[in-house]
Every structure is written in structure tokens, then in C-alpha cells.
Amino acid sequence: MARLLAVSVLIAGCQQPVEPVPPTASPHDDALEETVAAPDVLTLIYSRSPATLNPHLATGFQDFEAARIVYEPLASYGPTGELLPILAAELPSLENETVGEDGLSVTWKLRETLRWSDGEPLTADDVVFTYKFITNPTVAAVTAQYYQAIKSVDAVDDHTVKITFKQPTASWQTPFTGLNGLILPEHLFKDFNNRKAREAPANFQPVGTGPYRYLTETNDRLLFAPNELYRLPVGGFKRVEIAGNVPPYVAARDVLRDGTADFAHNIQLESAALVDLVQTGETGGLVLTFGSQVERIMLNFADPDQETDEKERASIQFPHPILKDLKVRQAIDYGIDRQAIVDQLYGDLGKPTSQLLVAPTPSDNQLISFKRDVDTARALLDEAGWMDSDGDGVRDRNNQPLQLVFQTSIGTIRQATQSLVQEQLAEIGIDVLIERVRTEDFFSADPNQTNSINHFYSDMQEYANGNAIPDPTIYMGWWTCDNIAAMANNWQKPNNARYCSRDYDKLWQAARAERDVEKRADLFRQMDRKLAEHAAVLPIVHRALSNAVSDRIT
């Protein structure tokens with residue numbers, strides 16, 4: 054979040070507001086033919102090409118970050134987690150009576166001179182429409198979870214929006230802020246607030262209020278030019294370019310050694326290869342940030358091999374025949390060597406952990422311990438009735454081998470992690486079969502993509518995630534019973550492991566309503582411990598965000 058804010062500040066410049074001036078010419082194709090000196094072009098590289106420039110239909114970081122160049126939220130978060138107004142004229146507070154004392158409402162005041170890059174005014178109606186679009190179940194927006202606590206969003210006047218919550222909430226700042234709060238223009242999306250949402254032309258030719266406007270796509274690059282209607286003078290760059298589908302080594306080389314790009318997002322290479330590039334590079338450096346991202350292994354609580362009458366697989370109607378047993382899940386946890394994974398693959402780019410919630414950083418006495426203990430793992434499997442009856446090294450029970458399918462996205466470190474976990478679990482008698490899924494499919498938000506993490510048609514799966522904003526209410530809500538991904542919600546809800554605990558739900562409900570900061574923090578820590586006790590999710594590595602950054606930008 055701090056990085057995104059830094060990039061937006063870098064692009065827009067820090068200058069005094071001025072009245073927007075109409076462009077001397079409308080967006081034109083011949084802008085592509087201009088000869089622009091390299092210092093005037095900012096080039097950003099991602100491992101995946103943006104699949105959409107609609108942030109509410111995003112499939113990953115690359116979509117959100119490309120969209121953020123064009124679109125803006127009401128407010129966003131600074132480097133230390135402070136909320137900063139963007140489209141908002143001021144931040145809501147108890148003092149200015151825009152945050153309800155009962156915790157049931159918040160009122161936002163918008164800047165009054167906002168215009169979309171096509172010249173149309175941005176009003177409170179656009180904010181209301183964005184809420185309706187996000188929460189329309191037929192749209193299947195990936196950001197819907199951030200708006201579930203809302204009862205209504207109303208335009209008080211052209212520049213005032215009132216949000217009313219279903220019940221008292223401490224996290225009034227969650228909706229319409231950060232990357233999940235980008236506002237869409239109603240006049241371009243109103244005909245696509247339905248199942249045709251992914252067919253909207255504006256998904257690929259966005260019109261926003263940000264410092265840059267979308268220009269075109271050429272040579273597999275997205276091009277952005279200064280938005281002449283932006284509320285501040287746009288200084289620094291005459292063009293922003295985004296290149297996608299660049300392999301990690303090539304991306305790092307382009308920034309660190311060759312100087313042909315300025316920024317490469319989250320380089321995921323085994324530490325030895327990355328260290329070599331950093332040591333020989335002359336045009337940039339690696340910037341490491343230990344934020345909220347935790348590489349984790351999810352264990353499926355539902356049977357991916359059974360179907361309901363409605364042809365839904367991995368349904369809670371059918372508990373997983375192996376992983377429903379806590380002792381088996383605990384054995385897997387004890388069988389994984391987190392320290393070895395970090396030592397062999399991550400180096401300084403990762404830290405072994407059993408914490409799911411790592412940001413804000415827990416104190417030493419709040420840490421959840423991790424330990425590889427092969428003897429304990431074997432004893433737990435014995436107690437669960439899994440024995441190696443034929444001496445082939447794989448445990449079995451009732452003529453069924455203890456065999457689990459482990460899937461993740463294609464990538465150097467993840468494939469290496471799969472192999473290590475396979476070896477480690479083989480030592481305790483579990484046979485792990487490896488499946489590798491195309492990254493675009495694995496992280497797809499398309500309800501029809503059955504290889505996605507939310508369909509979860511395997512026994513184990515690995516990916517990284519974390520709380521996107523400083524308040525972890527939404528993030529820790531991913532393990533509640535109401536958030537189970539299913540056919541009924543187009544597989545858009547985030548609880549893809551189908552874990553359900555009423556005790557956990559009670560803690561989460563208490564945390565979302567608790568307005569005392571310390572009490573809320575303690576409730577979140579209790580939830581983290583509860584997930585560890587149930588072996589509901591297996592955090593393995595607190596992963597650094599490792600961006601390659603050119604020496605010529607700040």
C-alpha cells in the first residue's frame with residue numbers, strides 16, 4: 054500500500070491544487086508517434102499482464118495496480134497506515150460529526166471540482182453506483198467482501214455520501230478506500246451492472262479521475278498519458294508503460310542490470326539467482342518490504358471428488374474424508390519444515406512463521422510457535438488409524454492410501470516448495486501428488502474457471518495473501534462460516550478451504566464491533582491462535598515483497 058501511494062505521488066507530483074483546464078486536444082492516436090526521451094517514460098514490469106483495468110473484477114496485483122493509475126478511491130493509506138484523503142475533501146471523524154457515535158454510519162464529503170478524464174463530472178451518484186455494482190451478485194465482484202457490512206449507501210447531495218452499516222462497526226474506513234475502493238463512472242458502466250459486467254468496453258479502456266489516462270495497448274504494453282483534466286498539474290513523466298508476462302529473471306535483469314525498465318513487481322526467484330543479479334547489477338537495487346503477505350498451505354475441509362445434485366464439487370455437504378480429522382491436519386503441520394523451506398529457497402526474502410496475521414507485527418510473547426517434529430506427526434497419524442500395512446512407505450486405512458493432491462500456481466519458488474513439502478511429508482507416510490496450474494487460471498475471478506483457488510478442487514493448495522489495509526477485520530473474516538466459497542455465491546467468497554467454526558465466528562463478530570483498539574487487537578490474536586489450534590490453515594513463510602527499483606526514480 055505504501056508502495057502504491059508512493060508511485061501515485063511520484064507520478065502526480067506534490068503541487069498546489071488548480072482549477073482543471075480543458076485539454077487543448079482530445080485523446081489522439083498520434084501521441085504514440087511522439088519521440089519521448091527515456092527519462093520522461095516510466096516503465097513498470099509485472100509477471101502477469103493485466104487481464105482487466107476494472108479493479109472490482111481484478112485477478113491479481115497487476116490488475117489493481119494498473120487500474121490505480123487511472124482510478125482513485127475516496128481515501129488511501131500512507132506508509133505508516135494513516136488514512137489520506139484523495140477524492141474526499143476531508144476525512145470523516147467524530148470531531149466533525151461525520152462518523153456516527155453509535156458506529157452505524159459515516160459521511161464522506163467529496164471534492165467539488167472532480168471530473169472524469171472524458172469531461173463528465175464525478176458526483177456522489179458515482180459512489181452510490183460503484184457500491185451497487187460491487188454488491189450485485191450477478192457481477193461477482195472480487196471486492197464485494199469489503200462491502201458486506203453495509204446496509205445502504207446514499208447520495209445526500211452531489212458532493213456528499215452517507216454510508217449506513219447493518220450493525221455498529223469499528224472499521225468505518227474500510228469501504229471506498231485503498232485499492233478495493235476505487236470509484237467507477239456510472240455513465241460508462243450502468244448498462245453492465247449485470248452478468249455482462251466483464252464485457253464492458255470500459256474494462257479495457259477506462260476513464261478515471263487519476264493523474265494519468267489510458268491511451269492504448271501496443272507491443273504488449275499498456276500506455277498511459279497525462280490526464281489534462283486532473284485537478285493538479287501532472288509533472289514528472291510524459292508516459293507510463295506497463296509490461297506484463299515478463300519472467301522474473303528477465304524482469305529483474307531489465308531493471309537491475311540493463312536499465313531498460315524502472316520497476317519490476319515482486320521478483321520471485323530462488324535467493325541464489327536473485328543475489329547474483331543484485332551483486333552484478335549497476336542500474337538499480339532490490340527493495341524488500343515485510344508487509345502482510347504470508348505464503349500458506351490451505352487444507353480443504355470439503356471433498357473435491359464428490360458432487361452435489363447441482364453438480365457442485367468441494368461442497369460443505371461432503372466433508373473431506375481425510376482432512377476432516379484434526380489429527381491428520383496437525384500431523385501435516387508437524388511434518389512441514391518451514392525453516393528448511395526458507396533456508397533453501399527464500400534466504401533473506403522470507404521468514405518461517407505459523408502466524409497468519411503478521412501486520413501489525415505481533416510482539417514476541419504473542420508469536421505462534423512452529424516446530425517440525427516427525428515423531429509427533431507419525432504418532433498423530435497412528436492415532437488417526439493410518440498405518441503402513443504393506444510396507445510401501447505410504448500409510449493406508451481401509452485399503453485407501455493416504456494420498457493428497459497439492460496444487461499451486463506455476464512459478465519457480467512455488468514449484469520448489471511443492472517438491473520440498475512432498476519430500477517432507479513422505480517421511481511421515483503421506484503420498485503427495487503435485488499439480489501445477491497456470492497462474493491466470495489459479496488466480497482467476499471468473500466463476501467458470503474451475504482451476505481457481507476458490508473452486509479448490511484439490512486437497513491442498515499454496516498461495517500468498519495478507520490484509521490489504523491496516524485494519525484486519527475483512528482479512529480475518531475470510532475464515533468465517535458465512536464466507537465459504539460456493540456455487541450459490543459464484544465462488545466469489547474468500548473462505549475457499551470451507552472451514553467453519555462457530556467459536557471463531559463469535560470472536561470475529563466481537564472484533565468487528567469492538568471500538569477499543571487494544572481489545573480489538575486481542576480478539577484478532579485469539580482468532581489467529583484458534584486457526585492454528587484447528588490447523589485450519591498452515592502459514593509457512595512471511596514473505597518479503599521484493600521489488601526491483603531503478604536508481605533513477607525515488
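Under the numbering used here, the residues of the sequence shown are numbered 54 to 607, in order. Beta carbons are placed, not taken as given, at the ideal position from N, Cα and C, and that holds for glycine.
- prompt: By Cβ distance, which residues of its chain are closer than 7 Å to P525, with the 5 residues on each side in sequence left out?
  reply: For P525, same chain residues with a beta-carbon under 7 Å away, outside a window of 5 residues either side, are L410 and F577 in chain order.
Coarse secondary structure for Q545, derived from DSSP in three states: It is coil, neither helix nor strand.
- prompt: Under 9 Å, do F599 and L341 count as touching if we go by C-beta distance?
  reply: Note on residue identity: the sequence assigns Ser, not Phe, to residue 599. The Cβ atoms of S599 and L341 lie closer than 9 Å to each other.
task: Decide if I463 is buried, meaning its Cβ has at least 16 other Cβ atoms within 10 Å, or exposed.
output: Burial call: exposed.
task: Sort out for me which residues DSSP pairs V602 with in a bridge.
output: DSSP, once it has assigned bridges, lists F316 and G338 as partnering V602.
query: Would the beta-carbon of S511 fall within 9 Å of that of Q460?
result: Contact flag set, yes.
task: State the Cα-Cα distance for the pair Y283 and P259, rounded to the nearest angstrom.
output: Going from the Cα of Y283 to the Cα of P259 covers about 15 Å.
message: Excluding the 5 residues flanking S558 on each side, which residues of the same chain have their C-beta closer than 8 Å to its C-beta?
response: Looking at the sequence provided, one finds Asp at residue 558 rather than Ser. Closer than 8 Å at Cβ, skipping near neighbours: T533, C534 and D535.
query: Do you know offhand how far I421's Cα is from T406's?
result: Approximately 8 Å, taken between the alpha carbons.
message: Quick check: what's the CA-CA separation for Y552 versus Y516?
response: If I take the Cα positions, the gap works out to 17 Å.
- prompt: What does a CB cutoff of less than 6 Å around N246 pick up in its chain, not counting 5 residues either side in sequence?
  reply: These residues qualify, in order along the chain: F186 and N189.
- prompt: Per DSSP, E239 is paired with what?
  reply: E239 is not bridged to any residue.
- prompt: For R349 versus P592, is the C-beta spacing smaller than 9 Å?
  reply: When the beta-carbon positions are compared, R349 and P592 come within less than 9 Å of each other.
query: Would DSSP call R578 helix, strand or coil?
result: Helix at R578.
- request: Tell me where the alpha helix (DSSP H) around E118 begins and ends.
  value: Annotation: the continuous alpha helix (DSSP H) that includes E118 extends over F114 to V123.
- prompt: Ends of the alpha helix (DSSP H) at P301?
  reply: Per DSSP, the continuous alpha helix (DSSP H) segment holding P301 begins and ends at P301 to R306.
field: Same chain, Cβ closer than 6 Å to G334, five either side skipped, listed in chain order
entry: Cβ neighbours of G334 beyond the five flanking positions: L309 and R310.
Cα-Cα separation between A325 and D494, rounded to whole angstroms: For A325 and D494, the distance between alpha carbons rounds to 29 Å.
task: Can you check DSSP and say which residues form a bridge with I537?
output: Answer by DSSP bridge pairing, in chain order: N548.
query: Taking contact to mean at least 3 C-beta pairs separated by less than 8 Å, is the stretch 352-362 in contact with the stretch 559-568?
result: The answer is no - the stretch 559-568 does not touch the stretch 352-362, with fewer than three Cβ pairs under 8 Å.
query: CA-CA distance, S100 and Q468?
result: Those two C-alpha atoms are separated by around 16 Å.
task: Go to T429, then tell me how far its alpha helix (DSSP H) extends in each direction, as first and last residue.
output: DSSP places T429 inside the alpha helix (DSSP H), whose first and last residues are V427 to E436.
Bridge partners - K291, DSSP secondary structure assignment: Residue pairing of K291 in beta bridges, as defined by DSSP: absent, with no partner found.
- prompt: Since E239 contacts D179 with CB under 8 Å, what's their CB separation in whole angstroms?
  reply: Confirmed, about 5 Å.
query: Given that a residue counts as buried once 16 or more other Cβ atoms are within 10 Å of its Cβ, and exposed if not, what is S205?
result: Answer is exposed; the Cβ neighbour count stays below 16.
- request: Alpha carbon to alpha carbon, how far is S472 from S442? Give it in angstroms, no decimals.
  value: When only Cα atoms are considered, S442 and S472 end up about 25 Å apart.
field: Inside the stretch 132-189 only - alpha helix (DSSP H) runs reaching at least 4 residues
entry: Along the length of the stretch 132-189, whole alpha helix (DSSP H) runs at least 4 residues long occupy 177-188, reported in chain order.
query: So, helix, strand or coil for Y387, using DSSP?
result: For Y387, the secondary structure class from DSSP, reduced to helix, strand or coil, is helix.
- prompt: Going by beta carbon distance, what residues of the same chain come within less than 8 Å of S212, once the five residues before and after it are set aside?
  reply: The sequence as given places His at residue 212; Ser does not occur at that position. Contacts found: A142, K162, L163, R164, E165, T176 and A177.
- prompt: If we ignore side chains and look at the alpha-carbon of each, how far apart do E294 and L95 end up?
  reply: Each residue's alpha carbon lies about 6 Å from the other.
query: To which residues of the same chain is N520 closer than 6 Å at the C-beta, ignoring the five residues directly before and after it?
result: Shown here for N520: same chain residues with a beta carbon closer than 6 Å to its own, the five before and five after excluded, namely S345 and Y528 in chain order.
message: Quick check: what's the CA-CA separation for A563 versus T262?
response: Rounded to whole angstroms, A563 to T262 spans 38 Å at the Cα level.
task: Taking A574 and T222 to be in contact with their CB atoms under 8 Å, please state how far apart those CB atoms are, rounded to whole angstroms.
output: Contact doesn't hold; Cβ gap of about 16 Å is too wide.
- prompt: Can you tell which of I122, N549 and L322 has its C-alpha closest to the C-alpha of R266?
  reply: Of the candidates I122, N549 and L322, the one whose C-alpha sits nearest the C-alpha of R266 is I122.
query: When you compare only the Cα positions, how much space is there between W439 and D445?
result: C-alpha separation (whole angstroms): 13 Å.
task: Starting from the Cα of V214, find the closest Cα among P454, V181 and V427 and give me that residue.
output: Selected option, being the one with the closest Cα: V181.
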